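Shown next, in structure tokens, is the structure this report addresses.
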Amino acid sequence: MRLSFLLPLLIVLPLLTAFLIPLIDILAIALRKILVIISISLELVFSLSLLFYFSPLGKEKLPISYYLGGWEPPLGISLSLNHLGLIFSMLVSVSLFLITLYSLEYIEHHEGKYYVLLFVVLGAMQGVVLTNDLFNLYVFIELLTVASTPLVAFDRTSSAIEAGIKYIVYGLLGGLFFFIGIVLIYLSLGTLSLAEIALSFSSLPIPFQETVLIFFIISLTIKLGIFPFHFWLAKAHSSAPAPISALLSGVMLKLYLCVFLRLFWVVLDFPLMEASWLKSFVLYLALGSSLLGHLFAFQEEDLKRLLAFSSVGHIGIIVAVLLVNTPEALYGGMLHIINHLIMKSALFLDSGYFLQFTKSHLIKDLKGVFHYNRYLFASFVIVVLAMIGIPPLNGFFSKWYMLLAFVEEGIHLGGIVVILGSLLAIPYYFRVISYGISPCEEKPVVSLSQDPPPASLMIFTILALVVLTVVTGIFYFCLNPILDGAVQELLPLQIYPPFPGGS
Amino acid sequence: MKIFLLLVLFSGIGFLLIDNLRFLSNSGFSLGAATHYYVTQGFEQTGALNLVSSILYDFRAFDSLGESTVIFAAVSGIVSLLSRKTLPVSSHGLSIIVKRIFGILTPFLFVSGIYLILHGHLSPGGGFQGGVILGTISIVFCIVYGSSFDYTRYSPQSKTILEVSGALLFLAMGIIGIFLEGFFLANWFSSPERLGKLLTPGSIFGINLGVGIKIGAGLSIIFYSIIQKRIEGK
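In the order they appear, the protein sequences are chains A and B. Take 992 as the starting number for the first sequence in the working numbering and just add one per residue. Take 45 as the starting number for the second sequence in the working numbering and just add one per residue.
Next comes the structure, spelled out in structure tokens:
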């Protein structure tokens, strides 16, 4: 496999860039922008070349792996790529490419450190997706938490600092439970390689297996912001700068979903989880969390907190639908992961553009922002329609498949939550839109004569995301070959029936 | 109410852990094939007499890259959140007796830090531990000789350059491994037959050095960012 050298490159290139930026800052500060653009473009090219070679269209076959240092597992750490990893690796590099372009015009202070941290986050994200070793996974999750905390508190206001402290405390608490799970596995099996754990995990006594599952479930519940631990999420996602909100809410939550899928379906024993009370407990917890997220969003007065609570709602429904564990459910869940990433990033970046002009983040201060840039506001409306689930846009198809999956398995509560979520979303998003297009009586807070910051890149990234929203809506079946491959990897082969979503 | 819920949660978790650790100690801890290989073949394969070093910087060197990047990210984060560009007016430090004694002691501290880094593959120690000792030296300077002593002699820029060069040295060792051995972070130039010489372990030596420089400079940067102070009224 000659192409497998791309796997370490995807992780090392962002880290190398992060190490070089402080040096460039001292030597020649003007070159920093060029370095950032070159590096993020290279990352995008490498990641897309993976798609070119390994998707069902290409010649090479997945999965591939790369042994770091030449040590085969269990001696050393290996990286591996399968269809699931391919999807997430591409999602990460595409969205980080757009977010970085947006940041080039949005971030105005401490730019050097900002890009250092952003590239460390990018490297850690690729690491989480690609690694095939449990402890290495933990290292990258911690790296993600540590590197994103200063980004959350980047505005240095007291509320941002408070959000940052909450974020790191809950992030580390989640990491702690993850670590205890790893310790239990290593003490009993003597190996850290995910493939080896998958082979021998079911030989352990059942109460012990359940304990390990409980620790990983608590850890991921905290990281994903599901019901009892949802409060840190809204605070962190709303006080960060707009590109970081998009990063946290759009990309990072999906990454923990990737960890969730890989751990519970591929590595740990899913049949055991299905047989015990754990599965239905987590499923109904996630459904309740989804409903609560939408209700909180409904009564929220602050635009960014509204978007963050809407993320709680969507993550809850995705976790619930994945746990249904039928091909349709996994397909619908993964489709919604992709769509929600695109839509939520677009909404946060779009609102970041408009909130530059307003006094505060409150919805009632949005009066008249429509007039600053009508095309962008129209794009905001399009993404909101997709979020609610209006047919030709992408949100509709994933919600439709999730609904079907719930109903077919007889979990009617799930179907009700999907519909209620959409119904609740209509009033809370339309309140934002109606304030946006209503004429403002007084003068705008930031007068237009004071020239607004240059924003061509910001507008470009937002429009690119809106185009993606429409394209993945109309041509959602183009994703089927890859999603199909990913679903096959997650399900044991013998219970795999013909596929529902076409292809 | 919250406290009660937390108590229930944590006591449940504690009970689970105790219950399962009892199972583990009854059935015996499992030492996998990897552990056996590390203990029996570790030195022949890597040239590092200190097996901890051979695991940290050769078998699982990628983990160490991640861990040292955690510290790098923490340094960047703390600097970006706390940097205020002004130091508090220097205190005059401690009394002349302490100053004289630390004048004598500091070179020894420095030597022991460097020794731990350079001999990390032969004896207990390594880049992380030695780097921390090097980082302490600049903290000692601040406490004993006053806060401006270190700051005026070694600028933050030079520390940043040191930190970054340590990180780049780590990556360079990995990338040279691609060209010589065909794998990222592969151990090149390891020669266990020269047992007792300094340069037996190939790239482990370089990685130790890189991590040591990076950690030392990074800790010093963190310390001086934390003691910086905003001038009143600005």
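Backbone N, C-alpha and C define an ideal beta-carbon position, used for all residues, glycine too. Just so you know, these numbers come straight off a predicted model, no measurement behind them.
- DSSP, reduced to helix, strand and coil, places A:I1098 outside both helices and strands of the structure shown, so it counts as coil.
- Its chain contains Y1057 as the residues whose beta carbon lies nearer than 8 Å to that of A:F996, once the 5 sequence neighbours on both sides are disregarded; these appear in chain order.
- Nearest to A:F1199 by alpha-carbon distance, out of A:L1185, A:V1174, A:F1222, is A:V1174.
- Here A:S1184 is bridged, per DSSP, to A:D1124.
- In summary, B:F48 is exposed, with fewer than 16 beta-carbon neighbours lying within 10 Å of its beta-carbon over all protein chains present.
- The beta carbon of A:L1004 sits closer than 7 Å to those of S1030, L1033, E1034, all from its chain and outside the five residues before and after it, given in chain order.
- B:F227 has a beta carbon lying within less than 8 Å of a beta carbon in chain A.
- Distance from B:G171 to B:G256 at the Cβ level is roughly 4 Å; contact confirmed, criterion being Cβ atoms closer than 8 Å.
- Taking one beta carbon from each stretch, the stretch 1173-1189 of chain A and the stretch 1241-1261 of chain A have 3 or more pairs nearer than 8 Å; the two touch.
- Here A:P1234 is not near A:Y1044, since their CB atoms are 8 Å or more apart.
- Listed in chain order, the positions of the stretch 59-78 of chain B with a beta carbon within less than 9 Å of a beta carbon of chain A are L60, L61, D63, N64, L65, F67, L68, S71, F73, S74, L75, G76, A77, A78.
- Taken in chain order, the members of the stretch 1114-1125 of chain A whose beta-carbon sits within less than 9 Å of a beta-carbon on chain B are G1114, A1115, G1118, T1122, D1124.
- Annotation for A:L1278: G1307, A1311, L1404, G1405, V1408 place their beta carbon closer than 7 Å to its own, counting only its chain and skipping 5 residues before and after.
- Residue range 1055-1058 is occupied by the beta strand (DSSP E) that includes A:I1055.
- Rounded to whole angstroms, the gap between the alpha carbons of A:P1196 and A:S1179 is 10 Å.
- Closest in C-alpha terms to A:N1330, from the list A:F1466, A:H1101, A:F1131, A:I1410, comes A:F1466.
- In this model, B:L253 and B:K241 are separated by some 17 Å (Cα to Cα).
- Listed along the chain, the chain A residues whose CB falls inside 8 Å of the CB of B:G164 amount to none; the nearest CB is some 17 Å away.
- Annotation note: the stretch 1304-1346 of chain A contains the following uninterrupted alpha helix (DSSP H) runs of length 4 or greater, listed N- to C-terminal: 1318-1346.
- A straight-line Cα-Cα distance of about 28 Å links A:E1400 and A:M1334.
- DSSP places A:P1196 in the coil class of the three-state scheme, outside both helix and strand.
- Runs of the alpha helix (DSSP H) spanning 4 or more residues and lying entirely within the stretch 1347-1390 of chain A occur at 1365-1379, in chain order.
- Judged by beta-carbon spacing, A:S1086 lies beyond the 8 Å limit of A:L1448, meaning their Cβ atoms are not closer than that value.
- Taking 7 Å as the cut-off between beta carbons, the residues of the stretch 1007-1019 of chain A near chain B are L1007, F1010, P1013, L1014, I1017, in sequence order.
- When the beta-carbon positions are compared, B:S112 and B:A211 come within less than 8 Å of each other.
- When beta bridges are read from the DSSP output, B:D102 appears opposite no residue.
- The C-alpha of A:L1470 is placed about 11 Å away from the C-alpha of A:A1477.
- By the neighbour-count criterion, in which 16 or more other beta carbons inside 10 Å mark a residue as buried, A:E1099 falls on the exposed side.
- For a cut-off of 8 Å, the C-beta gap from A:K1214 to A:Y1247 is around 5 Å, short enough to register as a contact.
- Contact of B:E111 with chain A by beta-carbon distance below 7 Å involves V1130.
- Chain-ordered, the chain A residues with CB closer than 7 Å to the CB of B:L125 read P1141, A1144, R1147.
- Between B:P236 and B:F87, the CB-CB gap stays under 8 Å.
- Excluding its 5 nearest sequence neighbours in each direction, A:L1338 has C-beta neighbours in its own chain below 6 Å: L1298, V1374, listed in chain order.
- A:L1263 is the residue among A:L1263, A:F1222, A:N1073 whose C-alpha sits nearest the C-alpha of A:I1205.
- With respect to the 8 Å criterion, A:K1245 and A:L1082 are classified as neighbours on the basis of their beta carbons.
- Around the beta carbon of A:G1359, 16 or more other beta carbons sit within 10 angstroms, so the residue counts as buried.
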